[in-house]
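Asker: In the working numbering, the protein residues as written are 12 to 226.
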Ligand code: PMT
């Protein structure tokens, strides 16, 4: 394909360790993010996939960087976006933990050493601070789905956001299908029907191509 872009995609959860055997995380399996990376590579784009801990095979033609925590993910994204002059598209699909324990013990904590209250500190917002030609986010919501997604789109400076009602059957975490709505920075709204995550991914990649190379 002519005019290859560089796609940097995050996928999966992050783990925020309290000690070597305990961590905070969420149910993301990486399926949606891996589908986006697969769709981008299949269109001939240079594709870097920054993946949290998941049990999925790397899609063909994709360079994968495995990370554990939000801070690891942030550093890997920064590095991937920084390489060379090619136009970059950053698609943040990962369910990044917003908080991490204030302290991580180097060895397993004994029960008697466990704090009754866990002190947390904020993780960096990877998407908000990233600099790319086109930035796209996801919003996994349980209520006020479109309003919350719209707020995130504005606050993170995105070209568009993919709103994901994770309470809907067949949608969200761990499923092979998804029903999403694209909310664009110009205010336009596109509701997609329930489809496979790969079909959603193809629609996202196409939308990014149009934004990166306006007609
Ligand atoms: O992995 P699967 O099992 O296939 O599930 C897919 C999914 C439900 C994880 C995916 O479709 C999805 O909705 N991902 C976004 C998860 C989310 O909760 O996002 P958020 O609302 O916390 O964050 C909004 C956006 O900012 C996201 O693009 C997120 O990647 C990004 N973000 C958030 C926090 C942070 N510290 N850094 C970020 O980059």
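Where is the CB? At the ideal position from N, CA and C, for every residue including glycine.
It should be emphasised that the depicted structure is a prediction, and the values quoted were computed from it without experimental measurement.
1. Flag residue 101 as yes when its Cβ comes closer than 6 Å to any non-hydrogen atom of the ligand PMT, and as no otherwise.
2. So, using beta-carbon positions, are residue 80 and residue 27 closer together than 7 Å?
3. Give every residue of the same chain whose Cβ lies closer than 7 Å to the Cβ of residue 179, excluding the five residues on either side of it in the sequence, and list them in chain order.
4. Can you name the start and end residues of the alpha helix (DSSP H) that residue 203 belongs to?
5. Round the Cβ separation of residue 33 and residue 58 to the nearest angstrom and send it over; I've been treating them as touching at under 8 Å.
6. On the three-state DSSP scale, how would you describe residue 121?
7. Going by DSSP, what residue range makes up the beta strand (DSSP E) through residue 77?
8. At 4 residues or longer, and completely inside the stretch 78-102: list those alpha helix (DSSP H) runs for me, N to C.
9. Can you look up residue 44 in the DSSP assignment and give me helix, strand or coil?
10. Is residue 205 near the ligand PMT - that is, is its Cβ less than 6 Å away from at least one heavy atom of it?
11. Is it the case that the CB of residue 73 approaches a heavy atom of the ligand PMT more closely than 6 Å?
12. Among 64, 147 and 216, which has the Cα closest to the Cα of residue 166?
13. According to the neighbour-count rule (16 or more other Cβ atoms, all chains shown, within 10 Å of its Cβ), is residue 162 buried or exposed?
14. Just to check, is the beta-carbon of residue 180 closer than 6 Å to a non-hydrogen atom of the ligand PMT?
15. For a test of your reading of the model: does the CB of residue 155 fall under 6 Å from any non-hydrogen atom of the ligand PMT? Yes or no.
16. With respect to 6 Å, is the separation between the Cβ of residue 215 and the closest non-hydrogen atom of the ligand PMT below this value?
17. Does the distance from the C-beta atom of residue 76 to that of residue 48 stay below 7 Å?
Answerer: Checking against the coordinates, here is how it stands:
1. Here residue 101 is taken as the residue at index 90 of the chain shown, counted from 1. Placement of the Cβ of residue 101 at a distance of 6 Å or more from every heavy atom of the ligand PMT is found.
2. Reading the chain shown from its first residue, position 69 is the one you call residue 80. Reading the chain shown from its first residue, position 16 is the one you call residue 27. Yes, they are a contact pair.
3. Taking the first residue of the chain shown as position 1, residue 179 is located at position 168. Here the set comprises 190.
4. For the purposes of this step, residue 203 is taken as residue 192 along the chain shown, with counting starting at 1. Counting along the chain, residue 203 sits inside no alpha helix (DSSP H), nor does DSSP assign it H or E at all.
5. Sequence index remark: in the chain shown, residue 33 carries index 22 (1-based). Sequence index remark: in the chain shown, residue 58 carries index 47 (1-based). Contact doesn't hold; Cβ gap of about 33 Å is too wide.
6. Translated into the one-based positions of the chain shown, residue 121 becomes position 110. Note: residue 121 maps to coil in three-state DSSP.
7. Numbered from its first residue, the chain shown carries residue 77 at position 66. Note, residue 77: beta strand (DSSP E), 73-77.
8. Listed in chain order, the complete alpha helix (DSSP H) runs (minimum 4 residues) inside the stretch 78-102 are 81-92.
9. The count along the chain shown starts at 1 and reaches residue 44 at position 33. DSSP places residue 44 in helix when its eight states are reduced to three.
10. Sequence index remark: in the chain shown, residue 205 carries index 194 (1-based). Taking 6 Å as the cut-off, the C-beta of residue 205 does not count as close to any heavy atom of the ligand PMT.
11. Along the chain shown, read from residue 1 onward, the residue named residue 73 stands at position 62. Distance from the C-beta of residue 73 to the nearest heavy atom of the ligand PMT is not below 6 Å.
12. Taking the first residue of the chain shown as position 1, residue 166 is located at position 155. Cα-wise, what sits closest to residue 166 is 147.
13. Taking the first residue of the chain shown as 1, we reach residue 162 at position 151. The C-beta of residue 162 has fewer than 16 other C-beta atoms within 10 Å across all chains shown, which makes the residue exposed.
14. Residue numbering aside, residue 180 sits at position 169 when the chain shown is read from its first letter. No; taking the cut-off as 6 Å, the Cβ of residue 180 has no heavy atom of the ligand PMT nearer than that.
15. Residue 155 sits at position 144 when you count from the first residue of the chain shown. Outside the cutoff, so no.
16. Taking the chain shown and counting its residues from 1, the one referred to as residue 215 is at position 204. Answer for residue 215: no, Cβ out of range of the ligand PMT.
17. Within the chain shown, the letter at position 65 stands for residue 76. Within the chain shown, the letter at position 37 stands for residue 48. For residue 76 and residue 48, no; Cβs fall outside 7 Å.
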